[in-house]
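S.K.:
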Amino acid sequence: MPRQIQSRDSDGAKSFAAELPGGAKHDVLGKSREDLRASMEEIGEPAYRGAQLYHALYAERRFDFASMSNLPAELRERLAQRFCIGMPEVSRRFQSSDGSVRYLLTLAARGEEGSGESPARVEAVFMPSEGRQTICISTQAGCAVECRFCLTAQLGLVRNLTAGEILAQVLLALEENRESLAPRTNVVLMGQGEPLLNYEPVVAALRVMLDPNGMRLGPRHVTLSTSGIVPGIERLGREKVRPRLAISLNASTDEERDAIMPINRKYPLEVLLAACREYPLGPREFLTFEYVLLGGFNDSTEDARRVARLLSGMRAKVNLIPWNPGELPYRPPAAENLEEFRQALFAKGVPAFVRYSRGQDVNAACGQLALSERGSLVPTIATSPSAGPSA
Ligand code: SF4
Numbered sequence: 044m045p046r047q048i049q050s051r052d053s054d055g056a057k058s059f060a061a062e063l064p065g066g067a068k069h070d071v072l073g074k075s076r077e078d079l080r081a082s083m084e085e086i087g088e089p090a091y092r093g094a095q096l097y098h099a100l101y102a103e104r105r106f107d108f109a110s111m112s113n114l115p116a117e118l119r120e121r122l123a124q125r126f127c128i129g130m131p132e133v134s135r136r137f138q139s140s141d142g143s144v145r146y147l148l149t150l151a152a153r154g155e156e157g158s159g160e161s162p163a164r165v166e167a168v169f170m171p172s173e174g175r176q177t178i179c180i181s182t183q184a185g186c187a188v189e190c191r192f193c194l195t196a197q198l199g200l201v202r203n204l205t206a207g208e209i210l211a212q213v214l215l216a217l218e219e220n221r222e223s224l225a226p227r228t229n230v231v232l233m234g235q236g237e238p239l240l241n242y243e244p245v246v247a248a249l250r251v252m253l254d255p256n257g258m259r260l261g262p263r264h265v266t267l268s269t270s271g272i273v274p275g276i277e278r279l280g281r282e283k284v285r286p287r288l289a290i291s292l293n294a295s296t297d298e299e300r301d302a303i304m305p306i307n308r309k310y311p312l313e314v315l316l317a318a319c320r321e322y323p324l325g326p327r328e329f330l331t332f333e334y335v336l337l338g339g340f341n342d343s344t345e346d347a348r349r350v351a352r353l354l355s356g357m358r359a360k361v362n363l364i365p366w367n368p369g370e371l372p373y374r375p376p377a378a379e380n381l382e383e384f385r386q387a388l389f390a391k392g393v394p395a396f397v398r399y400s401r402g403q404d405v406n407a408a409c410g411q412l413a414l415s416e417r418g419s420l421v422p423t424i425a426t427s428p429s430a431g432p433s434a
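Residues in the sequence shown are numbered from 44 upward in steps of one, following our numbering.
1. Output the boundary residues of the beta strand (DSSP E) element that contains Y146.
2. Measure the beta-carbon distance from N362 to P375 and round it to whole angstroms, keeping in mind my assumption that it falls under 8 Å.
3. Counting only beta-carbon separations shorter than 8 Å, does P372 have a partner in chain B?
4. Label A152 either buried or exposed according to how many other C-beta atoms from any shown protein chain fall within 10 Å of its C-beta, with 16 as the threshold for buried.
5. Less than 8 Å between the CB atoms is what I'm expecting for A102 and G261, so what's the real figure, rounded?
6. Using beta-carbon positions only, say whether F169 and N229 come within less than 8 Å of one another.
7. Buried or exposed: which applies to P131, given that a residue is buried once 16 or more other Cβ atoms fall within 10 Å of its Cβ?
8. Can you name, in chain order, every residue of its own chain whose Cβ lies under 7 Å from the Cβ of R460, other than the five neighbours on each side?
9. Quick one: using the 10 Å Cβ neighbour count with 16 as the cut-off for buried, is I128 buried or exposed?
10. Label E237 either buried or exposed according to how many other C-beta atoms from any shown protein chain fall within 10 Å of its C-beta, with 16 as the threshold for buried.
11. Considering only heavy atoms of ligand 1, does any lie closer than 7 Å to the CB of G236?
12. Can you give me the Cβ contacts of L381 inside the same chain, cut-off strictly under 8 Å, excluding the 5 residues immediately before and after it?
13. Count the CB pairs spanning the stretch 110-125 and the stretch 267-279 that are closer than 8 Å, and state whether there are at least three.
14. Give me the DSSP bridge partner(s) of R374.
15. Just to check, is the beta-carbon of E464 closer than 7 Å to a non-hydrogen atom of ligand 1?
16. Pop quiz: R136 and L148 are said to be a contact at Cβ under 8 Å. What is the actual Cβ separation, rounded to whole angstroms?
17. Between the C-alpha atoms of A116 and P323, what's the straight-line distance to the nearest angstrom?
18. Would you mind stating whether A225 and L204 have Cβ atoms separated by less than 8 Å?
19. Write down every uninterrupted run of the alpha helix (DSSP H) in the stretch 256-327 whose length is 4 residues or greater and which is fully enclosed by it, in chain order.
20. Answer yes or no: do L353 and L388 have a C-beta to C-beta separation smaller than 8 Å?
21. Which first and last residues belong to the beta strand (DSSP E) in which R119 is found?
22. Would the beta-carbon of A302 be found less than 7 Å away from any heavy atom of ligand 1?
23. Does the beta carbon of V188 fall short of 7 Å from some heavy atom of ligand 1?
24. Please report how far the alpha carbon of T296 lies from the alpha carbon of E85, in whole angstroms.
25. So if DSSP puts R349 in a beta bridge, which residue, or which two residues, is it bridged to?
26. Let me check understanding here. Comparing Cα to Cα, which of P171, S134, A167, N113 lies closest to S140?
27. Going by the DSSP bridge assignment, what does S140 pair with across the sheet?
28. Tell me the DSSP bridge mates of K391?
29. For M357, name the three-state secondary structure that DSSP assigns.
30. Let me know the secondary structure DSSP gives Y399 once reduced to three states.
31. For the beta strand (DSSP E) that L200 lies in, which residues bound it at each end?
32. If you drop the 5 nearest sequence neighbours on each side, which residues of the same chain put their C-beta closer than 6 Å to that of P311?
33. With DSSP run on the structure shown, which of helix, strand or coil describes F192?
34. Tell me whether the stretch 89-106 and the stretch 180-194 touch, counting them as touching only if at least three CB pairs, one residue from each stretch, are closer than 8 Å.
35. Can you tell me the Cα-Cα spacing of V71 and V251, whole angstroms?
36. Provide the residue span of the beta strand (DSSP E) that contains A184, from first to last.
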């Protein structure tokens, strides 16, 4: 069984002493090393205490100031009076027979009432495998992109997540499974939301994840998946430290893609793939194109040949994801179509791999848990007619 961690600082988030209006405390989670150094100086401490706090939070995963043994006891008390560590509450845990654990997390309301920072529910998934664990996290509660095969789309956009709420999902999943952790951790930003439509918080969280003094994840082990937000891809390409990039392709023509991903009308294939060709890649780095195979819709060998043409000359690989039967009006591809599709890509020199969703017995589709529980928490959801797995 996964370890159950206490999700809030020892006194509980609401009992921290107040410096902010309304009795709220500053949340340190999601803050950069520079932010924390500045905060320490503001309260009359040397700046290096901020670096120690940063280390305790992200490298040691201490979610309670009292347990930060690299700080003097008197400072720990002062911190607990002024600041909080805003870990989400685990509303439910679903243990799959394949070893993965899905978490339904409740994020507290943030900011003033009516500011749009309402409470929200998101999902994160911990997936152990030989020598590593992969953690899938959400970057928004709900999503505005309206992919037709996606259940999260049915939630509409509830709200953006903060950098702290994005990081908290990784920290929490690691800590809950501390006793069984493998040496390597992969993080995929493929849960609820379109990461490039919540750009600054996502990049702030990535900087902490990829920082050798922070969470110490390698850039090769963190993947951001996008539905194809071209300005975001271009902007991400200019960042100093970048994650791996995955693009949710799912079609071989504009007509097909328009039908299941309306975002394609704004950024059609030619524009999207031009941005992908410009995206800077390190040595031995590939772009990943995800392709959800919907039986009878986008799974013909002609589709595969067109995909190969679209990707020609690009350092790219394709992950083929057979559709999971579910509530939506699609069907899985026939096994022989799946294999023919993979071989047609392979014959044109495009590496292609079949990926199956983990945790199928515990509501595998992204958005499924939050959707089934939405009436209990989120009264302001804008429903859309669309639905499916994450970007
Ligand atoms: S697939 Fe991803 S981008 Fe598309 S609606 Fe779902 S969460 Fe949003």
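No residue lacks a Cβ here, since even glycine has one placed at the ideal position from N, Cα and C.
M.R.: Taking the geometry as given:
1. First-last of the beta strand (DSSP E) with Y146: 144-150.
2. In fact, because the Cβ distance is near 16 Å, the residues do not count as touching under 8 Å.
3. You won't find chain B in this structure, because it holds only one protein chain.
4. Label assigned to A152: exposed.
5. Not confirmed; about 15 Å, so no contact.
6. Contact flag unset, no.
7. Buried, by the Cβ-count rule.
8. Absent from the structure is residue 460, since the part of the chain shown begins at 44 and ends at 434.
9. Of the other Cβ atoms in all chains shown, 16 or more fall within 10 Å of the Cβ of I128; this residue is therefore buried.
10. Label assigned to E237: buried.
11. Yes.
12. The residues are L336, D342, L363, P365, V397.
13. Pairwise C-beta distances place the stretch 110-125 out of contact with the stretch 267-279, as fewer than three of them are shorter than 8 Å.
14. Looking at the DSSP assignment, R374 forms no beta bridge with any residue, so it has no partner.
15. An answer regarding residue 464 cannot be provided, because it is not within the stretch 44 to 434 covered by the chain.
16. That belief does not hold up - the Cβ atoms of R136 and L148 are roughly 10 Å apart, past 8 Å.
17. Here the alpha carbon of A116 sits roughly 46 Å from the alpha carbon of P323.
18. No, they are not a contact pair.
19. Correct list: 273-280, 297-303, 306-309, 312-321.
20. A distance of 8 Å or more separates the beta carbons of L353 and L388.
21. Run containing R119: none in the beta strand (DSSP E); it sits in the alpha helix (DSSP H), 116-125.
22. Relative to ligand 1, A302 has its C-beta separated by 7 Å or more from all heavy atoms.
23. Yes, since a heavy atom of ligand 1 falls inside the 7 Å radius drawn around the Cβ of V188.
24. Using only the alpha carbons, I get a separation of about 56 Å.
25. Bridge partners of R349 according to DSSP: none are assigned.
26. Minimum Cα-Cα distance from S140 among the listed residues P171, S134, A167, N113 corresponds to P171.
27. Looking at the DSSP assignment, S140 forms no beta bridge with any residue, so it has no partner.
28. For K391, which the question treats as bridged, DSSP gives no partner whatsoever.
29. If DSSP states are grouped into helix, strand and coil, M357 belongs with coil.
30. Y399: coil per DSSP, three-state reduction.
31. In this chain, the beta strand (DSSP E) harbouring L200 covers 200-203.
32. Contacts found: D297.
33. In this structure, F192 counts as coil in the three-state DSSP scheme.
34. No, the stretch 89-106 does not touch the stretch 180-194.
35. The C-alpha of V71 lies about 13 Å from the C-alpha of V251.
36. For A184, the uninterrupted beta strand (DSSP E) segment begins and ends at 183-185.
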